[in-house]
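Asker: So that you can map any letter, position 382 of the sequence shown is 382 in our numbering, and since no number is skipped, the others follow by simple counting. Glycine included, C-beta positions come from ideal geometry on N, C-alpha and C. Because the structure is a prediction, the values reported are computed rather than measured. I have a structure here, written as structure tokens, and I will follow up with some questions on it.
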Amino acid sequence: MRVPHSAGQAANTRGIRCWATLLLGLLMLLPFPAWADTDAPAANPYLEAMQPLIEGRFEEASEALHRLVAQEPEHAGAWLDLAILQCRLGNAEEAEILFQAIEVRFDPPPGIREIIALQRAKGCQAPAPRWEGRLRLSRGSDDNVNQGASNPNFTIGQGSNLLSLVLSPEFTPQRDRFNNLSLEGSVSGANGWQGYAQLQARRYDHLSRYNSVSTSVGAERVRRFAGWDTRLGGSLGLTQLGGKDYQRYVSLNAWLTPPLPLPAGWQLSGLTGVSHVMYPSRSYFDSSLWEARGVLTYQQGPIWLQGSGGYGVDIGNGARAGGDRHGLFASLSARAALGGGMLGELGWLYQSWAGARSYSPGLIDVARRQHTQLLRAMVSLPLSKEHGLFLEYRMVRNRENISLFAYQSRSVQLGWQWQFGR
Numbered sequence: 001m002r003v004p005h006s007a008g009q010a011a012n013t014r015g016i017r018c019w020a021t022l023l024l025g026l027l028m029l030l031p032f033p034a035w036a037d038t039d040a041p042a043a044n045p046y047l048e049a050m051q052p053l054i055e056g057r058f059e060e061a062s063e064a065l066h067r068l069v070a071q072e073p074e075h076a077g078a079w080l081d082l083a084i085l086q087c088r089l090g091n092a093e094e095a096e097i098l099f100q101a102i103e104v105r106f107d108p109p110p111g112i113r114e115i116i117a118l119q120r121a122k123g124c125q126a127p128a129p130r131w132e133g134r135l136r137l138s139r140g141s142d143d144n145v146n147q148g149a150s151n152p153n154f155t156i157g158q159g160s161n162l163l164s165l166v167l168s169p170e171f172t173p174q175r176d177r178f179n180n181l182s183l184e185g186s187v188s189g190a191n192g193w194q195g196y197a198q199l200q201a202r203r204y205d206h207l208s209r210y211n212s213v214s215t216s217v218g219a220e221r222v223r224r225f226a227g228w229d230t231r232l233g234g235s236l237g238l239t240q241l242g243g244k245d246y247q248r249y250v251s252l253n254a255w256l257t258p259p260l261p262l263p264a265g266w267q268l269s270g271l272t273g274v275s276h277v278m279y280p281s282r283s284y285f286d287s288s289l290w291e292a293r294g295v296l297t298y299q300q301g302p303i304w305l306q307g308s309g310g311y312g313v314d315i316g317n318g319a320r321a322g323g324d325r326h327g328l329f330a331s332l333s334a335r336a337a338l339g340g341g342m343l344g345e346l347g348w349l350y351q352s353w354a355g356a357r358s359y360s361p362g363l364i365d366v367a368r369r370q371h372t373q374l375l376r377a378m379v380s381l382p383l384s385k386e387h388g389l390f391l392e393y394r395m396v397r398n399r400e401n402i403s404l405f406a407y408q409s410r411s412v413q414l415g416w417q418w419q420f421g422r
């Protein structure tokens with residue numbers, strides 16, 4: 001879960017980016033060759049070192065500028081950028097050493113001396129971590145709270161032992177209304193680290209045994225290696241159902257974005273991850289999952305599109321019904337402005353799983369085949385900079401060759417949201 005940065009929440013980052021951009025322009029205009037010769041061979045490495053600084057990857061920028069200063073000790077612009085960056089990161093002693101070296105080594109013009117004096121007067125303090133969050137409260141209705149089977153008739157056994165049965169009403173679709181709470185937040189540091197947490201709680205009017213609470217926490221780090229953008233992270237999660245622990249999980253994942261020459265606005269990435277899921281109240285349900293996906297994203301102004309496809313392997317406990325399974329995944333998502341300040345979102349998700357062996361020999365003598373689709377549509381209307389209303393519709397269609405597990409559900413909810421942060 002990540003919430004988009006708001007204007008106020010990214011003030012520290014924008015401050016560093018602004019001085020970096022303005023300083024670069026100033027250095028190009030000053031009549032001082034060591035600072036302003038953009039046609040010199042050193043220009044390209046300098047601009048490459050500035051890029052992570054402008055994008056907010058400050059630790060990478062520091063490393064790049066250190067390398068540039070070591071390779072080109074007469075590059076005064078790199079010295080000044082490194083000194084100011086160290087000051088803004090709170091490394092006062094190193095910043096002062098660099099400022100003194102610039103004054104002695106390069107005898108900078110008055111404009112540069114004024115910049116150094118301003119930095120000394122302000123002092124060197126590390127930027128405060130940025131944090132942001134979103135709270136949603138909603139009221140809704142679900143026509144299949146319990147994921148009841150679409151067809152109440154089913155058969156078990158085979159040959160002369162074949163039995164035709166009818167499900168008890170409690171295993172058929174049950175409708176109810178609910179109250180929903182969603183709280184999510186993230187905190188970002190200047191060195192590429194980000195932490196995040198999420199809480200979701202749903203309470204039904206009548207079917208309280210399906211009340212649920214889900215929590216998760218995680219962290220990730222963004223880095224760039226040889227032009228590749230990487231994001232490595234991990235998370236922990238817990239779900240309670242009817243007041244009892246139902247599911248726990250731990251996961252590790254990695255995003256990789258290669259430096260491909262794609263048209264403006266497009267980005268191609270790869271995602272791989274492993275997770276382990278535990279079911280404290282269910283015997284033989286524990287499993288370990290590996291998955292890999294390709295993700296293609298397009299963003300231009302208020303328009304955002306994303307498609308993905310991948311493959312996964314689910315290794316279960318040796319006694320799990322159906323054994324191990326493998327699956328295919330696909331998804332499409334879109335977000336765009338609708339006019340009148342409204343924002344629209346559409347999402348489609350597909351999963352297909354195939355079991356390795358008969359689900360229950362002697363009773364259900366077929367390997368389970370599961371095909372699930374989720375369709376989501378949402379419209380949000382801002383009431384102010386931080387507050388807004390939203391209307392969301394979800395439909396799930398789960399088709400299986402074992403009718404006991406096939407179901408369909410629809411839900412709709414109307415709610416209020418508040419985005420906050422610093």
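1. Per DSSP, which residues does D314 bridge with? Please list them.
2. Could you give the C-beta distance for P129 and S188, rounded to a whole number, given that I count them as a contact under 8 Å?
3. Could you name each continuous alpha helix (DSSP H) segment of 4 residues or more that falls completely within the segment 74–120, going from the start of the chain to the end?
4. Would you call W266 buried or exposed, if buried means 16 or more other Cβ atoms sit within 10 Å of its Cβ?
5. Secondary structure at Q351, three-state DSSP: helix, strand or coil?
6. Here's the rule I'm using: 16 or more other beta-carbon atoms within 10 Å means buried, otherwise exposed. How should E74 be labelled?
7. Can you have a look at S138 and say buried or exposed, based on whether 16 or more other CB atoms are within 10 angstroms of its CB?
8. Which residues share a DSSP beta bridge with H371?
9. Expressed to the nearest angstrom, what Euclidean distance is found between the alpha-carbon atoms of R113 and E103?
10. Got a sec, what are the start and stop residues for the alpha helix (DSSP H) R177 sits in?
11. Rounded to the nearest angstrom, how far is the Cβ of L98 from that of A83, given a contact under 8 Å?
12. Please determine if the segment 381–391 and the segment 400–410 are in contact, where contact requires at least 3 C-beta pairs separated by less than 8 Å.
13. Are V396 and M342 closer than 7 Å when you measure CB to CB?
14. Rank E59, L252, Q351 and Q419 by C-alpha distance to the C-alpha of R325 and give the top, closest one.
15. Among G242, P173 and E72, which has the Cα closest to the Cα of P281?
16. Note down the Cα distance separating D107 from E93, rounded to an integer number of angstroms.
17. So, does the segment 244–256 touch the segment 277–292, judging by three or more C-beta pairs under 8 Å?
18. Alpha carbons only, please: which of F178, R203 and R134 is nearest the one belonging to W418?
Answerer: Inspection of the coordinates gives the following:
1. L289 and R325
2. Their Cβ separation, rounded to whole angstroms, is 6 Å, which keeps P129 and S188 in contact under 8 Å.
3. Listed in chain order, they are 76–88 and 92–106.
4. Around the beta-carbon of W266, fewer than 16 other beta-carbon atoms lie within 10 Å, marking it exposed.
5. strand
6. exposed
7. It is buried - the Cβ of S138 has at least 16 other Cβ atoms within 10 Å.
8. S352 and R399
9. 8 Å
10. Counting along the chain, R177 falls outside any alpha helix (DSSP H), though it belongs to the beta strand (DSSP E) covering D176 to S188.
11. Confirmed, about 3 Å.
12. no
13. no
14. Q351
15. Reading off the sequence shown, one finds Ser at residue 281, where the question assumed Pro. Ranking G242, P173 and E72 by Cα distance to S281 puts G242 first.
16. 21 Å
17. yes
18. Comparing Cα positions, the closest option is R134.
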